[in-house]
């Protein structure tokens, strides 16, 4: 990783360096060119690769590069790495923002069909609020004037079958003349979930049961929908209409 020096060693800079390094020895794989669609965490999802390193994901502009079977995607300034495998008219993608491998079909028909199958956004089935199905994230970062800083992210995916998964990562770094150090940690959980209009209950596979006070808000800047649990707000990772 010759392009990444210690002075740029934080998560976002590292990913940006990976994308830069990949762009020097890889191109936008023409095999990916076109539209692909399917479902992610119960939500309709469509991505378009233009064959030149650009495209859209659920209407949002993205940039991408490939190196072998690795796909680097820049979305809203964040870069994530995925593995991909094309099997006829199917594209299997894993890693990055996906909690489990996702299979997309060439064209937009799969996303259109999934959207038609989705229950009305205000409805609930056996304690599952359909409008809450999806991936929700909270990200924070801090950069010290003297160098170093901290970054943390926490995401949970609520699925239409009543299952959920949760993952959190945090990292800290410190710099001084001639010195550099850092730490990183991660945690995760999975289980079953249910919700009412005012509460969300998580039944962890560890046996613990936690009930959170639930509020549905829109982000004050861009009106992206948020789920606020005990006052901690998580923004929809995928494009959704405001509440």
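In this note's numbering, the protein residues as written are 459 to 701. Just so it is clear, CB atoms sit at the ideal spot from N, CA and C, and this is done for glycine as well. This structure is a prediction, so every number in the text was calculated from the model and none was measured.
Asked                                                                                                              : Found
Buried versus exposed, by CB contacts within 10 Å (16 or more), residue 543                                        : exposed
Inter-residue Cα distance where the pair is residue 492 and residue 554                                            : 21 Å
Among 663, 593, 656, nearest to residue 695 - alpha-carbon criterion                                               : 593
Environment of residue 693 [buried if 16+ CB atoms lie within 10 Å]                                                : buried
Three-state secondary structure (DSSP) of residue 537                                                              : strand
Beta-carbon proximity list for residue 506, same chain, < 6 Å, skipping 5 on both sides                            : 493, 513, 514
Coil, strand or helix - residue 489 by DSSP                                                                        : helix
For residue 495 and residue 541, believed in contact at Cβ under 8 Å, the rounded distance                         : Actually they are not in contact, since the Cβ atoms of residue 541 and residue 495 sit about 19 Å apart, beyond 8 Å.
Selection from 608, 526, 546, 503 that minimises the alpha carbon distance to residue 539                          : 526
Collapsed DSSP secondary structure at residue 588 in the structure displayed                                       : helix
Local conformation of residue 552 per DSSP, three classes                                                          : strand
Three-way DSSP call (helix, strand, coil) for residue 567 in this model                                            : helix
For residue 681 and residue 674, the rounded distance between their alpha carbons                                  : 12 Å
Rounded separation between residue 661 and residue 489 - CA only                                                   : 42 Å
Rounded C-alpha distance that separates residue 560 from residue 547                                               : 14 Å
Assigned exposure category for residue 699 - 16 Cβ within 10 Å defines buried                                      : exposed
Opening and closing residue of the beta strand (DSSP E) in which residue 670 lies                                  : 667-676
Those residues which DSSP pairs with residue 513 across a bridge                                                   : 507, 520
Residue 536 versus 545, 653, 611, residue with shortest Cα-Cα distance                                             : 611
6 Å Cβ shell around residue 647 - same chain, five flanking residues per side excluded                             : 624, 662
Counterpart residues of residue 701 in DSSP-defined beta bridges                                                   : Answer by DSSP bridge pairing: none, since residue 701 is not bridged.
Span of the beta strand (DSSP E), counted from its first residue to its last, around residue 662                   : 657-662
Outcome for residue 691 when other beta-carbon atoms lying within 10 angstroms are tallied against a minimum of 16 : exposed
Residue from 511, 518, 643 with nearest C-alpha to residue 524                                                     : 511
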